[in-house]
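Order-wise, the sequence lines are chains A and B. Going by my numbering, the first residue of the first sequence is number 1208, and it counts up by one from there. Going by my numbering, the first residue of the second sequence is number 3, and it counts up by one from there. All residues carry an ideal CB built from backbone N, CA and C; glycine is no exception. Source: prediction; values computed, not measured. Worksheet for the structure shown next.
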Amino acid sequence: MPSPERQPIELNWFLPTNGDGRHLTSSGLPKVGLFQQGERAPTLEYLRQVVRAAEQARFDAIMVPTASGFEDPWLITAVLVQEVRRLKFLLTLRPGLELPAYTAHRAATLQLLSDNRLALHVVSGSSRFEQRSLGDFLEHDERYARSAEFIEVLQAAWSGENQRHHGQYYRSGSSPAIAPHVQPPAIYFGGASSVAEQVAASHAQTYLMWGEPPAMIGERIRRMSELAAAQGRTLRFGLRLHVFAAATADAAWNHVEGLLKEIPREAIAQAQQQMARYESVGQTRQSSLVQGRTHGVRELEVSANLWAGVGLVRGGAGTALVGSYEDVAERIEEYHRLGVDSFILSGYPHLEEAIHLGSELLPLLRRIGVSVSRSKRGPLE
Amino acid sequence: MRLEFSWQLPLGNEGALLDQASWAQQPGEWIQLAQAVEYAGIDQLWIPAGPGQADSLGVAAALCAHTRNLGLTVSIAPEVMLPAALAATAQSLQSISGNRLRLHLPDSEQSNVRRVFGEFLNRDQRSERIGEYMTILGQLLRPPSTPSSVPLNFSGRYFQLENAGIARRNLPAPALILDDSQSGALLADHADWCLLRPGHPHWLRKEIHRLQRAAEQQGRSLRFACNLGLIVRSSEEQAWDAAQTYLANSADRVLATSRALDSEQIIEMSRQHQQVRRHEIHPNLWRPFSDRPALLVGTPRQVATRLQELHGLGVNHISLQALPAVSEALRFAEQILPLLQSQGLREEEDSRAES
């Protein structure tokens, strides 16, 4: 249920901190070892160009991801906020690896460096395998309970109340002084399980979802709005999507058909096997979109212009908007009408596609009346 | 072995509240000092850690964009993040900085990290915890090409791991620095460097000998560093005048921020202004406060002589601080480093790889 006073749409880009390239396997995990030649390493020299392209394209923010083998998001953000003046950074973090009072301290340092351009994306964990390799042995539901407490301690660091915290997961001393007049970062939160929904409803400002057909997204927005309203809160909604857009629908579909054909069948089977172990409700929902479908390119179009082919080989966000610039703009507008205010987009490679979509898609979104937030205040400001 | 230097990045006085304007200026000041230190030919920048200061890891990363060769020694309290998370972060900082990192894990007994971030272990438990921490950190920082390393399973009293280190990259491990207040066994097992409290040369000689022996028994070698403040002027008289001013200012600041001293101690301190050299525990080595680093006070030649003496005792790294930082770093580089160079103390090591 979108609130009557809609915020302007927020369009964000994605920073490929474990490498980039032209193929469906180029970003994210698992990397199944294909197309290694010509792939781009996540060096500072490359990532700074992606950030600059996103700023020039007038994206609002760039999401900085985290996972084993990715460059550290705190460090990358500290370097790259200095490269640009307007672009905001949506930094992904996992509670459970560090103390929330320290996280507050790190966030304040980045606010200082960036002149308050930081927002935090709280992800409660990955697979059990990855969590345990980092020293975190909590199971799925408990991880969300800990995330809730983590966000509370984090935010208390800004409240100025010098209170000791004695919770289930954290016991902190007197909170460290945060730099004066540094703003608390907005909290984005992901997770599709029912325990995740409860924590998001009570603790998040923006609830993030991976791309699903509009009917499914609309249903989740209704449910989450009610959950939040029951706590006297309102939520914003965000959607993470890949984009393959071209001048004509045919050109876009031909392009993704080529990307799909170059992936060997056994690589798909191998990736699917790995993803089945993620124990993530969101992942299960993404995988279920392709279940029972053959792998023909249009067979994977699960609703108009929404293509689930990325999820055959990539964990996490597995859907893309495919079509002409007008098609893609219309779909974004449709999600916006359903209540989605924030979009986090990817395209391959992220440098060229930030420039490409910045010149072809973003102006279209402005022209068809979806006002891109430039002057009005959104949660990222 | 070569005598190397780092300069301490002042990140704000512990406990002292900075106003909005001083906070806003900080990033510009960090960059300015880092570039001055690199320009001056000082080997490293030492980035301290502490509550109420900017995050040392974030500051180090930010400075990678503004420096090329300057070594970055980063202090980070081992209480604030899991060892596997710190190992991954350290690898990322090695990659971003072009292998310029060293890590200092300060002893929480010596700082107020515990009070602020919260810690409920007694001394024995803390010692056991840091032992487990260093074991994990050390293994996960070793490049994956090292035999007997991947993957790491660990089941300790404080930390558990399953299949850790799979995503580890082939990067040189940063040198690890521990404080001399830790046990000799911990230092012998895990440290590449030991940070000594500066003291009288007799004490330093004994301490270095003791810790070196403990390390050798483990088949390892340990190098030694210490912190020193500098008050350097062209004449000895000017230097001690400056020391007196420093003492007066410090007394005011301590009075404003510390609850540790009672008013009688403050009065006593003021009385001692006239006898500033009472705190000179060895020629030019001045320690007016027992809980803060000692300072070298004197002319460039006197200070160079003392530094040479420390080197002779087995100290290979001296971390310096003086205010105003930029001008004092340049003064050190232009007036003292050449004297040490002429003594051969600054020769690059030929074969041995510096980590």
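Check                                                                                                                                                                                    : Outcome
Of all the residues that make up the stretch 1300-1318 of chain A, which are near chain B by a beta-carbon distance shorter than 7 Å?                                                    : L1304, E1305, L1306, A1308, Y1309, H1312, R1313, T1316 and L1317
Between V2 (chain B) and chain A, is there a C-beta pair that is closer than 8 Å?                                                                                                        : Nothing about residue 2 (chain B) can be reported from this structure: the residues present for chain B run from 3 to 357 only.
Name the chain B residues that come within less than 7 Å of L1251 (chain A), Cβ to Cβ?                                                                                                   : I98
G314 (chain B): buried (16+ other C-beta within 10 angstroms of its C-beta) or exposed?                                                                                                  : exposed
I want to verify the contact list: residues of chain B whose CB lies under 9 Å from the CB of R1339 (chain A), in sequence order.                                                        : Q162, L163, E164, N165 and A166
Would you kindly report the start and end of the unbroken alpha helix (DSSP H) that includes S1400 (chain A)?                                                                            : Here S1400 (chain A) belongs to no alpha helix (DSSP H), and DSSP marks it neither H nor E.
Between which two residues does the beta strand (DSSP E) containing M1416 (chain A) stretch?                                                                                             : T1413 to W1417
Is H204 (chain B) buried or exposed, if buried means 16 or more other CB atoms sit within 10 Å of its CB?                                                                                : exposed
Report the option in A:I1551, A:P1280 and A:S1340 whose CA atom is closest to the CA atom of N165 (chain B).                                                                             : A:S1340
With a threshold of 6 Å on Cβ separation, who are the neighbours of E1541 (chain A) within its own chain once the five nearest residues in sequence on each side are excluded?           : P1421
At a CB distance below 7 Å, what residues from the stretch 1265-1276 of chain A approach chain B? Give them in sequence order.                                                           : S1275 and G1276
From what residue to what residue does the alpha helix (DSSP H) around T75 (chain B) run?                                                                                                : Not the alpha helix (DSSP H): T75 (chain B) falls in the beta strand (DSSP E), residues G73 to S77.
In the structure shown, what three-state DSSP assignment does I338 (chain B) receive?                                                                                                    : helix
At a Cβ threshold of 8 Å, is L1286 (chain A) touching chain B?                                                                                                                           : With the sequence shown as reference, residue 1286 (chain A) is identified as Val, and Leu is not the correct amino acid for it. With 8 Å as the cut-off, V1286 (chain A) counts as an interface residue toward chain B.
Within the continuous alpha helix (DSSP H) that includes S94 (chain B), where are the two ends?                                                                                          : P85 to S99
Would you list the one or two residues that DSSP bridges to H1557 (chain A)?                                                                                                             : DSSP lists no partner for H1557 (chain A).
Kindly say whether T91 (chain B), judged by its beta-carbon, lies nearer than 8 Å to any beta-carbon of chain A.                                                                         : yes
To which residues of the same chain is F1357 (chain A) closer than 8 Å at the C-beta, ignoring the five residues directly before and after it?                                           : P1302, G1303, P1307, T1310, V1329, Y1376 and Y1377
Looking only at its own chain, which residues have a Cβ that is under 7 Å from the Cβ of Q1362 (chain A), when we skip the five neighbours before and after it?                          : P1391
Taking H1543 (chain A) as part of the alpha helix (DSSP H), name the residues at either end of that continuous run.                                                                      : Y1532 to L1545
Could you compute how far the alpha carbon of I1158 (chain A) sits from the alpha carbon of L1446 (chain A)?                                                                             : Within the shown structure, residues of chain A are numbered from 1208 to 1588, placing residue 1158 (chain A) beyond reach of any answer.
For L1448 (chain A) and A1326 (chain A), which I take to be in contact (beta-carbon distance under 8 Å), what is that distance rounded to the nearest angstrom?                          : Actually they are not in contact, since the Cβ atoms of L1448 (chain A) and A1326 (chain A) sit about 18 Å apart, beyond 8 Å.
Taking the alpha carbon of Q34 (chain B) as the reference point, which residue from B:P53, B:G52, B:L13 and B:G54 has its own alpha carbon closest?                                      : B:L13
Between which two residues does the alpha helix (DSSP H) containing A1459 (chain A) stretch?                                                                                             : A1456 to K1468
Tell me which residues share the same chain as A1476 (chain A) and place their Cβ nearer than 7 Å to its Cβ, disregarding the 5 neighbours each side in the sequence.                    : none
If you run the structure through DSSP and keep just helix, strand and coil, what is M1431 (chain A)?                                                                                     : helix
Please classify G314 (chain B): does DSSP put it in a helix, a strand, or coil?                                                                                                          : helix
Just the chain A side, please: which residues come within less than 8 Å of M83 (chain B) by C-beta, in chain order?                                                                      : L1304, E1305, L1306 and Y1309
Contact between the stretch 1343-1358 of chain A and the stretch 166-177 of chain B is defined here as three or more beta-carbon pairs at a separation below 8 Å; is this criterion met? : no
Suppose the cutoff is 8 Å on Cβ atoms and the five residues either side in sequence are ignored; what does the same chain contact list for A1483 (chain A) look like?                    : S1494
If A1268 (chain A) and L1222 (chain A) are in contact, beta carbons under 8 Å, what's the gap, nearest whole angstrom?                                                                   : At roughly 10 Å, the Cβ-Cβ gap does not stay under 8 Å, so A1268 (chain A) and L1222 (chain A) are not in contact.
W1281 (chain A) touches chain B at which residues, Cβ-Cβ below 7 Å?                                                                                                                      : L59 and G60
Would you say G1342 (chain A) faces chain B, with C-beta separation under 8 Å as the test?                                                                                               : yes
Indicate whether at least one CB of chain B lies closer than 8 Å to the CB of Q1480 (chain A).                                                                                           : no
Mapping DSSP to helix, strand and coil, what is M1423 (chain A)?                                                                                                                         : helix
Which two residues bound the contiguous alpha helix (DSSP H) that contains M1482 (chain A)?                                                                                              : R1472 to A1483
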